[in-house]
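There are 2 protein chains.
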Amino acid sequence: MRTPGELSELFRANGRKVTAQRQCIFRVLEGDMTHPSAEAVHIAATREMETISLKTVYQTLHDLADLGEISSLDLGTGMIRFDPNVDDPHPHLVCRHCGKVRDLVAAFPDLQIPDGADLGFEVGSAEIVFRGLCPECRQSTLQLST
Amino acid sequence: MRTPGELSELFRANGRKVTAQRQCIFRVLEGDMTHPSAEAVHIAATREMETISLKTVYQTLHDLADLGEISSLDLGTGMIRFDPNVDDPHPHLVCRHCGKVRDLVAAFPDLQIPDGADLGFEVGSAEIVFRGLCPECRQSTLQLST
DNA sequence: GCCTTATCTACAATCAGTGTTGAAGAACAA
DNA sequence: TTGTTCTTCAACACTGATTGTAGATAAGGC
Ligand SMILES: [Mn+2]
Ligand SMILES: [Mn+2]
Ligand SMILES: [Zn+2]
Ligand SMILES: [Zn+2]
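These protein sequence lines map, in sequence, to chains D and A.
The opening residue of the first sequence carries number 918 in the numbering used here; numbering runs sequentially from there.
The opening residue of the second sequence carries number 918 in the numbering used here; numbering runs sequentially from there.
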């Protein structure tokens, strides 16, 4: 995702207006590594702008996704997660217990489908997801099993 | 997943009763490669047993998942999909357009997380998903763009 | 300043899935 | 066969994320 300033340019160039709410959401997303849900973005945005509505957050997130500035991920945690890190593809670590999502920063081999194995699918993207327990939830489940 | 007969044994061994509805669901799942949703299982089951309820289908699918005989997959298609093929892990092909899910039958390298890159997660499983267009949807979207 | 678009509030609707109830039916052990 | 226990069914309400609607207000951009 680009900087808030660049995003404002981009929105204008696409005939969208640069409102205070949208800029607030730009700022909230900048550098957010938590893969927030729409609700999480809303909560963070409310700290800067008390009256921003959840509806507006959904709209702006979809605008950003349509422009390819963020990606929306359905990782099975019950809510769509948004990822400002779209520049290089990366695997995700997902906590089975609390739904935490983190980037896995490590080089992974490009997954190539052998010829004839794609069953006629026109494949556009590949995703790798590791599921497990995050450090915090590891702690709490340890206590349960003792 | 085991055969319907073996599943009946397994259910009895676990203190569950072997009802006609459950056996019907066992048969429906046997050899199903489509990764059906609960609703799809229900529709197929209704062909054999008209009065079987969707609730019972959900219950039995969860029973089977609890016993490890099928796996439940949330692949972002809007519905949980069930996979009787649990014996060897495999990637999935998912159609962005119609939600079709197919096994990718090809050997993939075991995904190993480099030391120190797991951010403290206790990783239990890895999933690979390829997204794209299935042959049928490729056809229909071709017609749209001409 | 004018036109257009965005936002807000408030509410209803969707949709997959879960929970509840009580009554009826079936499985299974004895 | 009998009795206990589990399962199913129907019918319904409910959840929770997300989308849709409406009219009124506000603000962006030229
Ligand atoms: Mn990410
Ligand atoms: Mn599969
Ligand atoms: Zn966790
Ligand atoms: Zn398709």
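Glycine included, each C-beta is placed from N, C-alpha and C at the ideal position.
Quick caveat, the model's predicted, so the values are computed rather than measured.
Let's test the definition: count the other Cβ atoms within 10 Å of the Cβ of residue i and tell me whether it reaches 16, buried, or not, exposed.
i	result
residue 1019/D	buried
residue 1006/A	exposed
residue 985/A	exposed
residue 953/A	buried
residue 1044/D	buried
residue 1049/A	buried
residue 918/A	buried
As a quick exercise: from the options, pick the residue whose alpha carbon is nearest that of residue i.
i	options	result
residue 1037/A	1011/D, 998/D, 1041/D and 1042/D	1011/D
residue 975/A	956/A, 1009/A and 986/A	956/A
residue 1009/D	986/A, 1009/A, 1017/A and 1046/A	1046/A
residue 920/A	1041/A, 987/A and 1053/A	987/A
residue 1039/A	1055/D, 967/D and 1027/D	1055/D
residue 998/D	1027/D, 1053/D, 949/D and 1057/D	949/D
residue 989/D	1053/D, 1057/D and 951/D	951/D
residue 1058/D	968/D, 933/D and 1015/D	1015/D
Any idea what DSSP makes of residue i, helix, strand or coil?
i	result
residue 1042/D	strand
residue 949/A	coil
residue 939/A	helix
residue 1049/A	strand
residue 998/A	strand
residue 1019/A	strand
residue 974/A	helix
residue 992/D	coil
residue 958/D	helix
residue 927/A	helix
residue 1010/A	strand
residue 965/A	helix
residue 1027/A	coil
Leaving aside the five residues before and after residue i along the sequence, list all residues of the same chain whose C-beta is less than 8 Å from its C-beta, in chain order.
i	result
residue 977/D	938, 939 and 942
Whose C-beta lies closer than 6 Å to the C-beta of residue i among residues of the same chain, with five residues either side of it excluded?
i	result
residue 1051/D	1012 and 1017
residue 959/D	971 and 974
residue 928/D	935
Which same chain residues end up closer than 7 Å to residue i when comparing Cβ atoms and leaving out the 5 residues on each side of it in sequence?
i	result
residue 933/A	980
Exercise for the section: Count the C-beta pairs between the segment 995–1012 of chain A and the segment 959–975 of chain A that are closer than 8 Å, then say yes if the count reaches three, no if not. Expected result: Inter-segment contact for the segment 995–1012 of chain A and the segment 959–975 of chain A is absent: fewer than three beta-carbon pairs are separated by less than 8 Å.
Practice task
Decide if the segment 1015–1030 of chain A is in contact with the segment 1014–1034 of chain D; the criterion is three or more beta carbon pairs, one per stretch, under 8 Å apart.
Solution key: yes
Exercise for the section: Answer yes if the segment 989–997 of chain A comes into contact with the segment 938–947 of chain A, meaning at least three C-beta pairs across the two stretches below 8 Å, and no otherwise. Expected result: The segment 938–947 of chain A is not in contact with the segment 989–997 of chain A.
Exercise for the section: For the segment 979–992 of chain D and the segment 918–930 of chain D, state whether three or more C-beta atom pairs, one from each stretch, are separated by less than 8 Å. Expected result: Yes, the segment 979–992 of chain D is in contact with the segment 918–930 of chain D.
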